[in-house]
Structure formats: C-alpha cells, structure tokens
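In this note's numbering, the protein residues as written are 1072 to 1217. The beta carbon of each residue, even a glycine, is placed where N, CA and C say it ideally should be.
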Amino acid sequence: MKSINKNDLAYVIIAGLMASIIAGVFYGVINYVLFLYLNTTVVIIFLLLAIFLANNIRKQYETAHILYGILGGLFVLNSYLISMVTLQVLFFGLDLLPFFFKLFYSLSYLGQLLNPLLHLSGNLSNMIEWIILMISIGVVYQKTSH
C-alpha cells in the first residue's frame, strides 16, 4: 500500500467538496427548471456531472490511491444529496432549508437511499435514478483510484 501525500489529500478533499457542492446545486436547479417547464427530469445529466467531479478530483494528485476513489464516491453521494436539498428548497422555499438538510443527511434517509430493494421494487423513475447514482459512484471510483 502506497503512502498518501498529505498535500494531495488536502487538495482532493477541498476540490471534491467544492466540485460536489457546485455539481449538486447545478443538478438541483436543472431538475427544478426541467420539472417546472417540461414536467420531466433528465437523470443522465448527473452522470455527466459525476465525470466532471472525477476529472476535477483527478487533477489534484500525482499518485493514485484507493482512498481517493472512496472519497470520490462519497463526494458523488454528497452531490446527489445537495441536489435533492436544492430541488426541495426551490419547490418549498428557503425557510425549510435546515429541515431538508437534516432530512436528507439523516442516517435513516441514507439507509433508504442505499438500499437497492426499495428502489428496484419501486417505480421505473426511482429505479433509473438509483442505477445512475450507483453507476456514477462506480465511474468516479474508477477514474480516481487508478
């Protein structure tokens, strides 16, 4: 196992957090606009944003390490959660921002989000969204850990 350069790790964390916040807010706003005007959402945009996130993280280190892939997967999950918070705040108003942050970042919600049985037995939209989320995490892990 290779040792981790602490400067690289710091840059990966900073860049990953910033890129995940930007991607999450962007995806939430895009979903809001598409749902408001076209009554639809485009989940494949999240995969493109995950690739943006992976490329941004990949630029921050010289030697790959498995930890960077794990952090990349967590940043994708963070980006998804921020997009959900952004979407709900745009629908229901800024007054409910603390409520949505507590809801989406709670352990029970994360357990439900990561449970495949809840999504694969649900409607097609939820199933596709969950599959794209898992593919995004896999793509980011692949691009950042090798």
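Restricting to Cα atoms, I'd like to know which of the options is closest to residue i.
| i | options | result |
| --- | --- | --- |
| tyrosine 1139 | Phe1117, Gly1087, Tyr1176, Ser1179 | Gly1087 |
| glutamine 1213 | Leu1124, Asn1186, Glu1200, Ser1192 | Leu1124 |
| threonine 1134 | Lys1077, Leu1174, Pro1169, Asn1102 | Lys1077 |
| leucine 1142 | Ser1074, Phe1163, Ile1208 | Ile1208 |
| isoleucine 1115 | Gly1144, Ile1202, Gly1182, Ser1074 | Ile1202 |
| asparagine 1127 | Val1083, Ile1206, Leu1178, Ser1074 | Val1083 |
Quick check on the burial criterion: 16 or more other C-beta atoms within 10 angstroms. Buried or exposed for residue i?
| i | result |
| --- | --- |
| methionine 1155 | buried |
| leucine 1181 | exposed |
| valine 1211 | buried |
Count the C-beta pairs between the stretch 1082 to 1097 and the stretch 1137 to 1154 that are closer than 8 Å, then say yes if the count reaches three, no if not.
Yes: the two stretches touch, three or more of their Cβ pairs being nearer than 8 Å.
Should the stretch 1105 to 1116 be called in touch with the stretch 1168 to 1186, which here means at least 3 C-beta pairs below 8 Å?
No, because fewer than three Cβ pairs between the stretch 1105 to 1116 and the stretch 1168 to 1186 fall closer than 8 Å, the two stretches do not touch.
Where in the stretch 1111 to 1174 do unbroken runs of the beta strand (DSSP E), each at least 3 residues long, occur, reported from the N-terminal end onward?
Taking only runs of at least 3 residues, no beta strand (DSSP E) segment lies wholly in the stretch 1111 to 1174.
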